[in-house]
Structure formats: C-alpha cells, structure tokens
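Student:
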Amino acid sequence: MKIENDLQSLVVSEETIATDTLAKALQGLVTIVKESGEIMPSREFNKLDNNRKILAYLLGLRACALLGFGSKKVMASAEEIADIAGLDVQRAREFLSRLKKGKLLKKTADGWELPAARITAACDEIINKQK
1363 MKIENDLQSL VVSEETIATD TLAKALQGLV TIVKESGEIM PSREFNKLDN
1413 NRKILAYLLG LRACALLGFG SKKVMASAEE IADIAGLDVQ RAREFLSRLK
1463 KGKLLKKTAD GWELPAARIT AACDEIINKQ K
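Laid out in structure tokens, this is it:
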C-alpha cells in the first residue's frame, strides 16, 4: 500500500497544471474572454520575444480549453499565430519551425500545438525570461 500511495503523488491532472503552472506563466501577459475564449494579449505580452509570444498564445489556448471557454481548441494556424504575435506569416512559420526542432511544439494537420507534456517546459521558458 505504501508504494501505491507514493506513486499516487506523481499523478497530476491537466486541470492542476492549468491552474498552477499556466496561471503563473501567463499572469500579466494575456487575459481570456470568458464568453468567447478569445486570448487578449497585454502590453507585457508585446514586450516578449517572438518565441515567447508564440508559446504564451498557445499556452493561453490550452488554458481556455481546460477552463471550458470558447471552442476548446488547443491548436492554431501559422496565420493566427502571426496575427497575435505581430509577425508576417513567413516569419511566424520560421519561429514555429525552430520551436518544433526544440521539441516544444508539434505540427498537426489542424495547425500548431503545444503538447500537454511540454506545458511545464513552455511555462518555464516564459517565467525564466521574465526574471
């Protein structure tokens, strides 16, 4: 029984990740419109470098989905990301490809996604840059 209890301490739900790690990383960078699930970048968001803007936006989508707001999608097209990050689409694709090579993002048929297993790494990337 002790071993099973010890192993239970390793179990975490996606909601726990959202409420703890995501909230800390996104605080002051984005707000989420409850009714639509729209991610609204702040002035602080605009001060981030382009990689962190992309990560913050995709983390915001993940937070929306976990909270049950909007369409609950966790993926975004390069065009959507470019619009939020203030980049032209080709430039956004270059940053997305670099983040994919760095194993933070995944390209799917529906767009670009931050896999659940990489949420903590993406949050750390944002938090550590803000210090």
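So in our numbering, the last one in the sequence shown is 1493, and the numbering has no gaps at all. We put the CB at the ideal spot given by N, CA and C, even for glycine.
#1: Out of Ala1454, Arg1455, Ser1433 and Ala1484, which one is the CA nearest neighbour of Val1395?
#2: If you scan the segment 1392 to 1478 from start to end, which runs of the alpha helix (DSSP H) of 4 or more residues do you find wholly inside it?
#3: According to DSSP, is Gln1370 helix, strand or coil?
#4: Starting from Leu1384 and walking both ways along the alpha helix (DSSP H), at which residues does that stretch end?
#5: How big is the Cα-Cα spacing for Cys1426 and Leu1384?
#6: Using a Cβ-Cβ cut-off of 7 Å (strictly less than) and excluding sequence neighbours within five positions of Lys1469, which residues of its own chain qualify?
#7: Find out if the Cβ-Cβ distance for the pair Val1451, Ala1438 is shorter than 8 Å.
#8: If you drop the 5 nearest sequence neighbours on each side, which residues of the same chain put their C-beta closer than 7 Å to that of Ile1489?
#9: What number of angstroms, rounded off, separates the C-alpha of Ala1479 from the C-alpha of Leu1421?
#10: Let me check understanding here. Comparing Cα to Cα, which of Gly1464, Asn1367 and Leu1369 lies closest to Leu1417?
#11: Since I believe Lys1491 is in contact with Arg1414 (beta carbons under 8 Å), could you give me their beta-carbon distance rounded to a whole number of angstroms?
#12: Output the distance between the C-alpha atoms of Asp1486 and Leu1466, rounded to the nearest integer angstrom.
Tutor: This is what the structure gives:
#1: Cα-wise, what sits closest to Val1395 is Ser1433.
#2: 1405 to 1409, 1412 to 1429, 1440 to 1447 and 1451 to 1463
#3: Three-state result, Gln1370: helix.
#4: From DSSP, Leu1384 is part of no alpha helix (DSSP H); its letter is neither H nor E.
#5: 11 Å
#6: Lys1462
#7: no
#8: Lys1386 and Ala1387
#9: Computed Cα separation, rounded: 12 Å.
#10: In terms of CA proximity to Leu1417, Gly1464 leads the group Gly1464, Asn1367 and Leu1369.
#11: 6 Å
#12: 11 Å
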